[in-house]
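So the protein lines, in turn, are chains A and B. The first sequence runs contiguously to residue 419 in full-length UniProt numbering. The second sequence runs contiguously to residue 419 in full-length UniProt numbering. Where is the CB? At the ideal position from N, CA and C, for every residue including glycine. On a predicted model such as this, the values are computed, not experimentally measured, just so you know.
Number of protein chains: 2
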Amino acid sequence: MTEFRASRRGLLALGGAAVAGAATSGALAGCDSGSSKTAAPVVAKVPFYGAHQAGIATPAPARLAFATYDLTVDGSPQENLAALRQLLQTWTAAAAAMADGKPVPGDSNTLVAPPADTGEAYGSSPANLTITFGVGPSLFDGRFGLASRRPAALADLPMLPPENLDPARSGGDLVVQACSDDPVVAFHVIRNLARLGRGTVVMRWSQLGFGNATSNGASQETPRNLLGFKDGTRNIDGSDAQLMNQHVWVGDETDQQWMRGGSYLVARRIAMHIEAWDRDYLADQQHVFGRFKYTGAPLTGSNERDTPNFAAKDASGQPVIPVNAHIRLAAHENNGGIRILRRGYSYTDGIISASGELDAGLFFIAFQKDPRKQFVTLQRGLGAHDALNEYIQHVGSGLFACPPAPSGQGRYWAQDLVG
Amino acid sequence: MTEFRASRRGLLALGGAAVAGAATSGALAGCDSGSSKTAAPVVAKVPFYGAHQAGIATPAPARLAFATYDLTVDGSPQENLAALRQLLQTWTAAAAAMADGKPVPGDSNTLVAPPADTGEAYGSSPANLTITFGVGPSLFDGRFGLASRRPAALADLPMLPPENLDPARSGGDLVVQACSDDPVVAFHVIRNLARLGRGTVVMRWSQLGFGNATSNGASQETPRNLLGFKDGTRNIDGSDAQLMNQHVWVGDETDQQWMRGGSYLVARRIAMHIEAWDRDYLADQQHVFGRFKYTGAPLTGSNERDTPNFAAKDASGQPVIPVNAHIRLAAHENNGGIRILRRGYSYTDGIISASGELDAGLFFIAFQKDPRKQFVTLQRGLGAHDALNEYIQHVGSGLFACPPAPSGQGRYWAQDLVG
């Protein structure tokens, strides 16, 4: 380990000797009190083990690396299940190490072998890294003998017009959501898990996302999406245990005990027609959302956090928040109390060659206890009426069951499903 | 302006009232001294006007948004030149405002008009934003009557095997390099310039890039590339005026006075075959670079900054730094003193559908006073012999002349060329 330990900052090698942050600190890695030459870097860590997986209730760091993987095993169900179990043991140990600021376990120092860790994150703080794992509906086909363990809530998503899904950006047997304030650290996770799974899984699709550097963390300002509007003002507060239990964490109601304490992840790649949007009048943009653009206040209020008054009418008798405004259709008040926990990241992937427009939008992730009753219900209403539909299209999709976190070292992801 | 000014943090609206950082601070936006609820956000700004454009000698923030644009004008050379001049005036005013933490100039508050600024960066600090502009060889064709103003140093790049260039990721009449510690702020620049140029330009291609969050800024650790090696150890220090004048800034030698104080930008999208690399032994990886992976020290030294000893031989008489090692071939000692200023960012753009491998690599940007004598010479040597060629391929390319910065308000990009 000599050469490895000689790494100048050596955070990954030393593994936490300089821990100065935690899940709730929201501190950005590398920040200090002004004297940037002398202060030690902040090593912000989020606990990996526990009752729930990190990356759901925990504050959203500013960068996302998201990937889904397909299993390539072709043996008997027993053999395939054994391979899956082995994979999840390996992945969990690696994920726990990375979340703790350590390299992928194994030998990275033998000269005549490939290093266990790919190395691009050596010396970097985990920067609030969270790694969240889930399994897709396709895992419950015949390959692993798990058909009877499929939760009813993991029902395939129905068609939700006006979606136009690209199969190359949809689905997957397994999912990993890596969030960190350092994009290299987040990317390092999905890359190394792919590498560790070689021979058992292949990456199916991946997505990088970004938020405002100044808008995330504990002292979070609401981030703006690429339409220029604050996005997430009425989101569930992950630190509100009552709301989380009510809307996000799977509880006694589940038909599959292995999901108790888990949550269901819905991912949607939502393309935005930003060129068309940019030509729209400010008044129209504000009517589409039902909010003022700059303050984020509802059209019936003056501060971002004001509760929208959906009954308010203007002098001519029209609703101040239009009937097809996004916040009206999405509001829990107008959906029988339904809420979801959202974790949205902006993305841009270059130019659409056919149109010369920017390929950009929102990578939408939502957590909930039952997608059938939550995301699907909300999206059906939005899909039918939302004024925003003129400017967006859902082009990728994924649904995954995220089990509870391993309770401690030696336990692994989805152990109660595959163990 | 009432509604606009009511923005809670209002940095963009208020434009610098809370300036607390500068080009050399290296502070990340939003960092504070620990009490994240109360401290004012750091508004790190880099001066826009001056002798040289920002984004060349200034420290590299952690995020890149890079775009090239093609002019779509089809009038007489006089008409086209007038349109180009108008564009550059508009762009320069917008870029100066954005670098100063202000929105795109114009009316963003009239309800019955599209806002002048697209809004996604409202409330965000510029976070060391720099916006660097250049013109490509194609600008000097017949369209603008500028053929006689083309610098000899802006000669089209020759074929540089083993390149395999994608025309959809190469070239462009104009280029904009936006760097910031906030990816939304960087993206906001290339998007709004595209919007302001509508009718005159279309975006040709774009590239997002990222560096280690903890590795950039003034107290810079050398960032690691996606091969896990430190990249840039022997780079030119942008604060070293003598080296900059010797290698980077165009001086008296130029045949085109409008380029004096400017620099030439070469961009290369360098794809990395990271799956193959990840299977390579540590010893081989270190021989490919000529450095130790974790410390970054040359194979003949023990510290990153140690000068490589290219003459050193091992017990069996072989060079310790192999004859085809990357650092040997790239070293100024072995290239008649040739140096370039590099500004590299990692990228990943999802999965290569044919192979299932990650589409990832290095977006390489280099500045120099004459690409013919610098980048082309270096790359010819590397292309022919570099051990790294087994793991990389140049797949995109651009060459641009970046004029000096406008000296002050009212002046605009490339005014001495098109004015």
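Whether residue i touches residue j by CB criterion (8 Å)
i      : j      : result
A/V189 : A/G101 : no
B/G136 : B/D173 : yes
A/M259 : A/V266 : no
A/G344 : A/L362 : yes
B/Q177 : B/I340 : no
A/A96  : A/V46  : no
B/P162 : B/G419 : no
A/I351 : B/S206 : yes
A/A186 : A/Y69  : no
B/V323 : B/L196 : no
A/V201 : A/K369 : no
A/G356 : B/M203 : yes
A/D181 : A/A94  : no
B/Y122 : B/S407 : no
B/L208 : B/Y347 : yes
A/L226 : A/A82  : no
B/A51  : B/G261 : yes
Option nearest residue i by Cα separation, candidates the options
i                      : options                           : result
B/P223                 : B/Y294, B/H273, B/A366 and B/Q374 : B/Y294
residue 420 of chain B : B/H247, B/D240, B/N212 and B/Q242 : Absent from the model: residue 420 of chain B. The displayed extent of chain B is 1 to 419, so no value can be given.
B/L289                 : B/R342, B/G336, B/Q256 and B/F229 : Note that residue 289 of chain B is Phe in the sequence shown, not Leu. Of the candidates B/R342, B/G336, B/Q256 and B/F229, the one whose C-alpha sits nearest the C-alpha of B/F289 is B/F229.
B/D156                 : B/S355, B/H287 and B/S397         : B/S397
B/D237                 : B/R291, B/L227, B/R268 and B/R305 : B/R305
A/R234                 : A/E357, A/E221 and A/E253         : A/E221
A/A283                 : B/V248, B/A414, B/P115 and B/Q379 : B/P115
B/Q256                 : B/A414, B/A51 and B/L226          : B/A414
A/A113                 : B/D280, B/G317 and B/P406         : B/D280
A/H287                 : A/G171, A/S239 and A/A325         : A/A325
B/A387                 : B/Y347, B/I327, B/D349 and B/T348 : B/I327
A/Y412                 : A/T72, A/L84, A/A62 and A/L71     : A/L84
B/G171                 : B/G410, B/R269, B/G381 and B/L227 : B/R269
B/L378                 : B/Q409, B/N334 and B/V395         : B/N334
B/N109                 : A/Q285, A/Y264, A/S316 and A/N109 : A/Q285
Beta-carbon neighbours of residue i, restricted to chain B and to distances below 8 Å
i                      : result
A/P115                 : G228, L282, Q285 and K293
residue 435 of chain A : Because residue 435 of chain A is not part of the residues shown, which for chain A are 1 to 419, the question remains open.
Residue environment, residue i, which counts as buried when at least 16 other CB atoms sit within 10 Å
i      : result
A/S215 : No answer about A/S215 holds up, because its pLDDT of 43 lies below 50 and its placement is not dependable.
A/A60  : buried
A/N192 : buried
B/R149 : buried
B/G30  : In this predicted model, B/G30 has a pLDDT of only 32, less than 50, meaning its place in the structure is not dependable; the value taken from the coordinates is given anyway. Buried, by the Cβ-count rule.
A/T307 : exposed
A/P371 : buried
A/Q120 : It is Glu, not Gln, that sits at residue 120 of chain A in the sequence shown. Counting Cβ neighbours within 10 Å, A/E120 comes out buried, since at least 16 surround it.
A/A312 : exposed
A/N303 : exposed
B/N245 : exposed
B/A354 : exposed
A/D314 : exposed
A/R291 : buried
B/N80  : buried
B/L417 : buried
Neighbour list for residue i in chain B, Cβ cutoff strictly below 7 Å
i      : result
A/G346 : For clarity, residue 346 of chain A is Ser in the given sequence; the question names Gly instead. Those within 7 Å of A/S346 in chain B are V184.
A/T118 : G228 and D278
A/V202 : G356
Contacts that residue i makes with chain A (C-beta to C-beta distance below 7 Å)
i      : result
B/F187 : T348
B/T110 : L282
B/A168 : S353
B/N212 : S124, D182 and V184
B/L208 : T348
Proximity test, residue i beta-carbon vs the ligand HEM heavy atom, cut-off 7 Å
i      : result
B/V250 : Absence of the ligand HEM is noted for the structure shown, with no ligands found whatsoever.
Partners in chain B for residue i, counting only beta-carbon separations shorter than 9 Å
i      : result
A/R191 : L226, I274, D278, T348, L358 and A360
A/W205 : G350 and I351
Neighbour list for residue i in chain A, Cβ cutoff strictly below 9 Å
i     : result
B/A95 : Simply none; closest approach about 18 Å.
7 Å Cβ cut-off: residues of chain C touching residue i
i      : result
A/R195 : No chain C appears in the structure shown, which is made up of the protein chains A and B.
- Message: Measuring CB atoms only, is the region 267-277 of chain A touching the region 380-392 of chain A, in the sense that at least three cross pairs come out at less than 8 Å?
- Response: At 8 Å Cβ cutoff, the stretches touch.
- Determine contact between the region 75-82 of chain A and the region 129-149 of chain A, defined as no fewer than three beta-carbon pairs at a distance below 8 Å. The region 75-82 of chain A vs the region 129-149 of chain A: in contact.
- Query: Per the contact definition of three or more C-beta pairs closer than 8 Å, is the region 295-305 of chain B in contact with the region 393-410 of chain B?
  - Reply: As far as the Cβ criterion goes, the region 393-410 of chain B does not touch the region 295-305 of chain B, which means the pair count is below three.
- Flag this pair as touching only if the region 50-59 of chain A and the region 127-134 of chain A have three or more C-beta atom pairs under 8 Å; answer yes or no. With the cut-off at 8 Å, the region 50-59 of chain A and the region 127-134 of chain A touch.
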